[in-house]
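For the sequence shown, our numbering assigns the number 1479 to the initial residue and increments by one for each residue that follows.
We put the CB at the ideal spot given by N, CA and C, even for glycine.
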Amino acid sequence: MSIATRLASAVLITTALTAPNLAFAQAAEPVPAEDNAATPDQAAETPAQEQVEVSAPGGEIVVTGNRVRNIERSAPQVVSVLSSAEIARTGEGNIAGALGRVTGLSVVGSGYVYVRGLGDRYSLALLNGSPLPSPEPLKRVVPLDLFPSSVIASSLVQKSYSANYPGEFGGGVINLTTKAVPRDPFLSIGFGVSGDTETTSHLGYTYYGSGSDWAGFDNGQRNLPPALQAFLGSGARISSGTVDTPAIASQLVTGRNSAVQRWQHLPANFSGSLTGAKSWDIGATNLGLIAALGYSNKWLTRQPHQQRSLSADLSTIESDFTGLNTDNRIVVNGLLGVGLEFGENKLRWTNLIIRDTVKQARLATGKQNQTNVDYMRQNTAWYERQLINTQLVGEFKLTPDLSLDLRGSYAKSSRNAPFELYFEYLRTNAAADPLGAYFVNRLNNGNGGDARVTFSELDETLWSGSGDLSYKALPGLSVTIGGAFSDTRRTSSRRQFQFLAPGVCEGVPSTPSSCLPSGVTLLRPDYLLGPDVVKTFRIGLIESDEGNPAFLAQLRNAAGYAKVNWQIADSLSIDAGLRYEWARLRVDPIQVFTVPGAATAGTSQTNGYWLPGATLTWEVQPQMQVRVSASKTIARPQFRELINQPYYDPDTNREYRGNPLLVDSQLYNAEARFEWYFAPEQRLSLAGFYKKIDRPIEAFINPSFVTSYANAPRATLYGVEFDVQKRFSLGDEGFLAARRLLLVGNYTFTKSKLKVAPGDEVQVFGAFSTSARDYFTDGAKLTGQSDHIVNFEIGLENQDKLSQQTIMVTYASDRVVSRGVFGSPPQPDVFEQPGLRVDFVAREGFSLLGKELELKFEARNLTGRRHVEYQRSGGNRLDVNSYAVGRTFSLSASLKF
1479 MSIATRLASA VLITTALTAP NLAFAQAAEP VPAEDNAATP DQAAETPAQE QVEVSAPGGE
1539 IVVTGNRVRN IERSAPQVVS VLSSAEIART GEGNIAGALG RVTGLSVVGS GYVYVRGLGD
1599 RYSLALLNGS PLPSPEPLKR VVPLDLFPSS VIASSLVQKS YSANYPGEFG GGVINLTTKA
1659 VPRDPFLSIG FGVSGDTETT SHLGYTYYGS GSDWAGFDNG QRNLPPALQA FLGSGARISS
1719 GTVDTPAIAS QLVTGRNSAV QRWQHLPANF SGSLTGAKSW DIGATNLGLI AALGYSNKWL
1779 TRQPHQQRSL SADLSTIESD FTGLNTDNRI VVNGLLGVGL EFGENKLRWT NLIIRDTVKQ
1839 ARLATGKQNQ TNVDYMRQNT AWYERQLINT QLVGEFKLTP DLSLDLRGSY AKSSRNAPFE
1899 LYFEYLRTNA AADPLGAYFV NRLNNGNGGD ARVTFSELDE TLWSGSGDLS YKALPGLSVT
1959 IGGAFSDTRR TSSRRQFQFL APGVCEGVPS TPSSCLPSGV TLLRPDYLLG PDVVKTFRIG
2019 LIESDEGNPA FLAQLRNAAG YAKVNWQIAD SLSIDAGLRY EWARLRVDPI QVFTVPGAAT
2079 AGTSQTNGYW LPGATLTWEV QPQMQVRVSA SKTIARPQFR ELINQPYYDP DTNREYRGNP
2139 LLVDSQLYNA EARFEWYFAP EQRLSLAGFY KKIDRPIEAF INPSFVTSYA NAPRATLYGV
2199 EFDVQKRFSL GDEGFLAARR LLLVGNYTFT KSKLKVAPGD EVQVFGAFST SARDYFTDGA
2259 KLTGQSDHIV NFEIGLENQD KLSQQTIMVT YASDRVVSRG VFGSPPQPDV FEQPGLRVDF
2319 VAREGFSLLG KELELKFEAR NLTGRRHVEY QRSGGNRLDV NSYAVGRTFS LSASLKF
């Protein structure tokens, strides 16, 4: 629901909540002063704060009290809220980057937020209180870098569980609220340019693709060619021997999709945005409209060094490659919101579309199998991700003591990756080989070159609805009951084809093990697999995985809960609830062939859980309080982790395959917290937390370097959080009179351990071993967990106008990103080194012809921190995926009418 947050000045107020997880101070009738009331001086200091919109699941609960509070202090749970002003101060273009500044949160990979060191599987992301599907094949949670900061009004992070939220809580919930309709009409136009020292004006690679690629949309050039479309529709198997594969192969590779071109000086990035809003008073009813459009075009070049080994001590290097990858990422987003307010009732209809496209070209050279042969690999790809969401939220005040919240949502996400092309050429460097000094591709199943094309598609739909009824039974006692239902369906398909030249061609002088003449093997990809060459030499196709190329996954979830918020005494309150959650999770292979194969990779799970949660808050002194909370939550396997289907992740250069034998994890959580709000907008907090996890899901790597998943037996996680925010006045005269110094710092210490006893077993589909110690090491960290996370922010801000200069320092210690190759003993884990990062953001407001102009300058990664993933065993060390990130600089302007 939309919540306007105001701190009233110089009055004692009653604190009212309009969501069960939040207690927001609002203007109210004066109440008699009591001993612990704020002093007149304190009350006089209280500024009029920014209104913060939060739309979250639940009904109204009223907590009586007489304290002037901010959101974090008022909430009956442990929450952190980033308002639109705080998001703007970070200067981040997407909400994932802004969330990285919150205590205990870290951003890993492409926008996945880890809470207190727990992986993204333990984070729940909601939009306006409703769940979202993910367009990523490897995830069920949505990557938060999809959401531009410009469409987000606030981000609420709740770390202690309450029954009004879904049971898949794990480390915490991240609830994003989109911008609602403001009272004052406006129109804002923005434009920005940026670049980084590793990409802009440096060498990069690209390919033509289609003429509309700049917009993030293909113009039809990547549609399935007729022969392939007919084959896929026939239900035939290539292995049957009845398919004319050369006819299909001749239509797959063209100069548009495979000819990699050098771009000597890559251009700068640019972006633009347009936002407008207006409201109308129709009698006693207010109707509002807000619309936003955004576009960004960004180039990113990386030169990764990637090594891997099969030996347990990493003494031998199986492969060693250095490459150059260039991504052109285009993001288009749109928001349309309609709001209706009548009396104390509100209706809100929000529509959001985000399209995120990456056009990728990669070249890499290196060695493998400990030989003197050089390999050159080329990849071209086009990845389309899209999210469409429509939500309707109603907040109704039925009586002064009874409120009803209703929300319904439909969301569809998709990922389409047509024509992922891979080519491998080799140079033997052998004196006896006439072509030993040249890279050749004999198309003979990887022995003397290789070529593959992959088509993958994912579509996921999610219907959800919920209702919450809240009743103020007594002064200081509110009761809420609610229910929720969601139905998620995902279809996923992946068809990979390998080009194969016959071993012998009659009457054609050929190279060893391939009928291709020597001159043909030297050709670049679009000539090598051009129609004439394919038809002349009968180059055919084999399908890499005919077992289960398509899957249907479904998660149906129904839940009901009851919770109370009771102000036991003026200084003591409790928020407690119980949720029952039932879910049925199914993953089934889709039969795409007319002659079905053996389908053993499906799974079906039905589970029900009672999930309690309670938080006790004791106000020790008027500005100090202590919280204690305990709860039980769950974490379900993600769809992709259950699907026994290969998938290649271009970001990590890893291949994945799911395990249909995974089961749910159960978490037992406890926390104690001290909070001191010593002045308005200033605070200090210290917390300790503990989590026990039964059957956590962890990744491992098999000897074929394919990543899969299994339930480790047990794990524990504990830690300490410290957070402080302080503002200082800089003087009463001159330049510094209106300025304040802002200091914000937080530190999180976390320790986690896998617990693997000698007799423990794991279930892995098709594996030769069930011994847990062949897959996991006792005492190892959980994936994604850093022992130390530090965020420090120092800034200057003007209280009379927009003028902010902020330096942000972030540090995270090493964290596990993947397990090593399993075995007896298993390899050491793969670690990432996030290290120290320093950013600077400056925002300045001006008046231009009577209009508001904002200029923003950003300088990111000023320390030049590299991305480093490594393995280490004794004195042996491998760079698994390491590259320079560079420094990023950007300048943007927005004009508000």
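Straight-line measurement puts the Cα of glycine 1927 at about 56 Å from the Cα of arginine 1885. Taken through DSSP and simplified to helix, strand or coil, lysine 1637 comes out as coil. DSSP places leucine 1952 within a strand segment (E or B) once states are collapsed to three. Residue burial annotation: glycine 1713 is exposed, with fewer than 16 other C-beta atoms found within 10 angstroms of its C-beta.
When rounded, the separation of the alpha-carbon atoms in serine 1717 and glycine 2025 is 11 Å.
At least 7 Å separates the beta-carbon of alanine 2108 from that of alanine 2037. Annotation: isoleucine 2112 is outside any alpha helix (DSSP H); the continuous beta strand (DSSP E) that includes it extends over 2102-2113.
Within the region 1674-1720, the complete alpha helix (DSSP H) runs of at least 4 residues fall at 1704-1712.
Look at proline 1912 here: in three-state DSSP terms it is coil, with no helix or strand label. With contacts defined as CB atoms closer than 7 Å, aspartate 2004 and serine 1736 qualify as a contacting pair. Under DSSP, the beta-bridge partners assigned to glycine 2323 are Glu2332. The secondary-structure analysis by DSSP pairs alanine 2157 across a beta bridge with Gln2160.
Residue pairing of arginine 1840 in beta bridges, as defined by DSSP: Asn1803, Asn1857. Exclusion of the five residues before and after alanine 2362 leaves Glu1676, Gln1781, Arg2344 as the residues of its chain whose Cβ lies within less than 7 Å of its Cβ.
Between alanine 1908 and alanine 1915, the alpha-carbon positions lie close to 8 Å from each other. Considering only Phe2335, Thr1999, Trp1860, the residue with the shortest C-alpha distance to leucine 1899 is Trp1860. Linking leucine 1947 to proline 1953 through their CA atoms gives a straight-line distance of about 17 Å. Two segments are said to touch when three or more pairs of C-beta atoms, one from each, lie closer than 8 Å; by this definition the region 1731-1745 does not touch the region 1634-1644. Apart from sequence neighbours up to five positions away, the residues of its chain that approach valine 2184 with a beta-carbon distance below 6 Å are Glu2133, Arg2135, ordered along the chain.
Secondary structure note for phenylalanine 2015: it is in no beta strand (DSSP E), and the uninterrupted alpha helix (DSSP H) holding it is 2009-2015. Exclusion of the five residues before and after alanine 2031 leaves Arg1968, Val2065, Phe2117 as the residues of its chain whose Cβ lies within less than 6 Å of its Cβ. Going by DSSP, phenylalanine 1917 is part of no beta strand (DSSP E) at all; its letter is neither H nor E. A check of alpha carbon separations from tyrosine 1643 across Val1836, Ala1770, Pro1663, Leu1602 identifies Leu1602 as the nearest. DSSP lists Gln1856, Ala1929 as the bridge partner or partners of phenylalanine 1901.
With respect to glycine 1607, proline 1535 sits close: the two C-beta atoms are nearer than 7 Å. Note on geometry: alpha-carbon atoms of serine 2291 and lysine 1950 lie some 47 Å from one another. Out of Glu1531, Val1556, Ile1549, Ser1533, the CA that lies nearest to the CA of aspartate 2053 is found in Val1556. In the DSSP assignment, asparagine 2035 falls outside any alpha helix (DSSP H) and lies within the beta strand (DSSP E) extending over 2028-2047.
A distance below 7 Å separates the beta carbons of alanine 1979 and leucine 1921.
In this structure, valine 2073 sits away from alanine 2028, with a CB-CB distance that is not shorter than 7 Å. Closest option to arginine 2315, judged by alpha-carbon separation, among Val1957, Asn2269, Leu2056, Arg1661: Asn2269.
A Cβ-Cβ separation of about 12 Å leaves leucine 2195 out of contact with threonine 2226 under the 8 Å criterion.
Per DSSP, phenylalanine 2270 is one residue of the beta strand (DSSP E) stretching across 2266-2276. Residue state for phenylalanine 2300 is assigned as coil, using DSSP reduced to three classes. Looking only at Gly2301, Pro1611, Ala1755, the smallest Cα-Cα distance to phenylalanine 2246 is reached by Gly2301. Around the beta carbon of arginine 1930, 16 or more other beta carbons sit within 10 angstroms, so the residue counts as buried.
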